[in-house]
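> Residue numbering for the sequence shown follows this note's numbering, starting at 3 and increasing by one per position. If you scroll down you'll find the structure; I have some questions about it.
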Amino acid sequence: LKRGASLKYYGMDLNSRLPKISPLNGLRIYPVEDFDALLYEPHPFYGAKASARKRTLLAAFARLSQQVPQRLFAFVSEMHGHFAGMGVTYIHNDVVVGYDFAVVKALRRQGIGAAMLLAMGENAIRQGAVCAALLSSTDGLKFYPHFGFRPVGIYPTFVYNRVMQKQDEAVR
Numbered sequence: 003l004k005r006g007a008s009l010k011y012y013g014m015d016l017n018s019r020l021p022k023i024s025p026l027n028g029l030r031i032y033p034v035e036d037f038d039a040l041l042y043e044p045h046p047f048y049g050a051k052a053s054a055r056k057r058t059l060l061a062a063f064a065r066l067s068q069q070v071p072q073r074l075f076a077f078v079s080e081m082h083g084h085f086a087g088m089g090v091t092y093i094h095n096d097v098v099v100g101y102d103f104a105v106v107k108a109l110r111r112q113g114i115g116a117a118m119l120l121a122m123g124e125n126a127i128r129q130g131a132v133c134a135a136l137l138s139s140t141d142g143l144k145f146y147p148h149f150g151f152r153p154v155g156i157y158p159t160f161v162y163n164r165v166m167q168k169q170d171e172a173v174r
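Structural data, given as structure tokens:
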């Protein structure tokens, strides 16, 4: 492993007001019941490549989604019937953590991300969450502060790429 970029953690007090946004014509946001279906959707950020890591992560999410009471929620958005984005939240005690939140590049800057963030936040509040935390990609650095999120820490990342994997396999 080698040190990668450091990402910012963002946090928000959900007791403060969630932003109000106007509904978008043609936008539908709904919770996913079948996590296996997400394996075959092209990811908004990673595209159509469904890596083994992504399949493993979604399989873990599928197992978590079976918890009672439900603590893991995935949301998909569609614009005029076409896949537009997705986001996953996990609620632990009174904290909701956001994962894998993205909108298809061609559909960004239309309010889809804002509507999804609001829908996920409202769901988390209904489930008893009082604060939110998420890791931000570089794309999110300008996005999240508009909705009340503030930087609360730094998360170092590590890179394990194909070249390193082949080197490890050669040693074995």
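Don't be surprised by glycine CBs; every beta carbon is placed ideally from N, CA and C.
How long is the line joining the alpha carbons of Leu74 and Ala116, rounded to whole angstroms?
Working through the sequence shown from its first residue, we reach residue 74 at position 72. Working through the sequence shown from its first residue, we reach residue 116 at position 114. Straight-line Cα distance between these residues: approximately 20 Å.
> In chain order, which continuous runs of the beta strand (DSSP E) of length 3 or greater are located wholly inside the region 102-160?
Complete beta strand (DSSP E) runs here, min 3: 133-138.
> Less than 8 Å between the CB atoms is what I'm expecting for Ala126 and Leu26, so what's the real figure, rounded?
Taking the sequence shown and counting its residues from 1, the one referred to as residue 126 is at position 124. Taking the sequence shown and counting its residues from 1, the one referred to as residue 26 is at position 24. Rounded, the Cβ-Cβ distance is 21 Å, inconsistent with contact.
> Taking the beta strand (DSSP E) that Arg19 belongs to, which residues open and close that run?
The residue labelled residue 19 in the question sits at position 17 within the sequence shown. Unbroken run through Arg19: none, as it is neither H nor E.
> Could you work out which residue in Ile156, Ala108, Glu124 is closest to His84 when comparing CA atoms only?
Residue 84 sits at position 82 when you count from the first residue of the sequence shown. Selected option, being the one with the closest Cα: Ala108.
> Ordered along the chain, which non-local residues of its own chain (more than five positions away) have a Cβ less than 6 Å from that of Tyr101?
Within the sequence shown, residue 101 is the residue found at index 99, counting from 1. Contacts found: Val90.
> When you compare each of Ser24, Met14, Lys10 to Gln112 by their alpha carbons, which one comes out closest?
Taking the sequence shown and counting its residues from 1, the one referred to as residue 112 is at position 110. Residue Ser24 is the option with its Cα nearest to Gln112.
> Where does Val34 sit, in a helix, a strand or coil, going by DSSP?
Here residue 34 is taken as the residue at index 32 of the sequence shown, counted from 1. Three-state result, Val34: coil.
> Does the beta-carbon distance from Gly13 to Ala135 come in below 7 Å?
As a working note, residue 13 is residue 11 in the sequence shown. As a working note, residue 135 is residue 133 in the sequence shown. Taking 7 Å as the Cβ cut-off, Gly13 and Ala135 qualify as a contacting pair.
> Helix, strand or coil, according to DSSP, for Asp96 in the structure here?
Position 94 of the sequence shown, counting from 1, holds the residue named residue 96. It is coil, neither helix nor strand.
> If Val34 sits next to Phe103, beta carbons under 8 Å apart, how far is it from one beta carbon to the other, in whole angstroms?
The sequence position of residue 34 within the sequence shown is 32, counting from 1. The sequence position of residue 103 within the sequence shown is 101, counting from 1. Between Phe103 and Val34 the Cβ distance is about 14 Å, and since that is not below 8 Å, they are no contact.
> Let me make sure I understand the geometry here. Which of Met118, Lys144, Gly142, Pro153 has the alpha-carbon closest to that of Lys22?
Sequence index remark: in the sequence shown, residue 22 carries index 20 (1-based). Here the closest residue by C-alpha is Met118.
> State the DSSP-derived secondary structure class of Gly83, mapped to helix, strand or coil.
Locating residue 83 in the sequence shown gives position 81, counting from the first residue. Gly83 falls in the coil class under three-state DSSP.
> Excluding five sequence neighbours on each side, which residues of the same chain lie with their C-beta closer than 6 Å to the C-beta of Val98?
Within the sequence shown, the letter at position 96 stands for residue 98. Thr91, Ala126, Ala131, Ala134.
> Could you check what DSSP says for Phe29 in three-state terms: helix, strand or coil?
Taking the first residue of the sequence shown as position 1, residue 29 is located at position 27. In the sequence as displayed, the identity of residue 29 is Leu instead of Phe. Note: Leu29 maps to strand in three-state DSSP.
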